[in-house]
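Participant: Under the UniProt record's numbering, the residues of the sequence shown are numbered 1 to 101, in order.
Cβ coordinates follow ideal geometry from the N, Cα and C atoms, glycine included.
The following block contains the structure, expressed as structure tokens.
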Amino acid sequence: MEDSGEKMWSSSGKGLDGFTEPDADPGSGKYGKQTGLLAWQASIYWLWHERNTRLHRQVFCSMDSINTQIDRQIRNKIAGFRDPTLASKLLQLWLSMEPAR
């Protein structure tokens, strides 16, 4: 029987299947590549962070919590860009890709 940790990691991997490459959506051009790269980087960082906190501190976060952290990090990173036009286009693209809650 599979434990909850294994279920979480397998569902995390399935969620990343759409992002096989940083430019997963070639139809959105350079903004799609940049948004895909940000999503990849944030996902890898937070999954690794979760792995380490589980192993070393015995602290566990839910998938919703991790997804919220990833989303917040991407929004903050985009908001920190100096070029307001680029930031606006990337944020619009990121919000359009977000699933309805």
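When the Cα atoms are used, what is the spatial distance from Q34 to R75?
Facilitator: 13 Å
Participant: Please state the DSSP three-state secondary structure of L91.
Facilitator: helix
Participant: Are the CB atoms of Y31 and L90 nearer to each other than 7 Å?
Facilitator: yes
Participant: Report the three-state DSSP secondary structure of G29 (helix, strand or coil).
Facilitator: helix
Participant: So, using beta-carbon positions, are I70 and A87 closer together than 7 Å?
Facilitator: no
Participant: Could you name the residues of the same chain whose beta carbon sits closer than 7 Å to that of G29, not counting the 5 residues immediately before and after it, in chain order?
Facilitator: none
Participant: Is S62 helix, strand or coil by DSSP?
Facilitator: coil
Participant: Just how far apart, CA to CA, sit M63 and L47?
Facilitator: When rounded, the distance between both Cα atoms is 10 Å.
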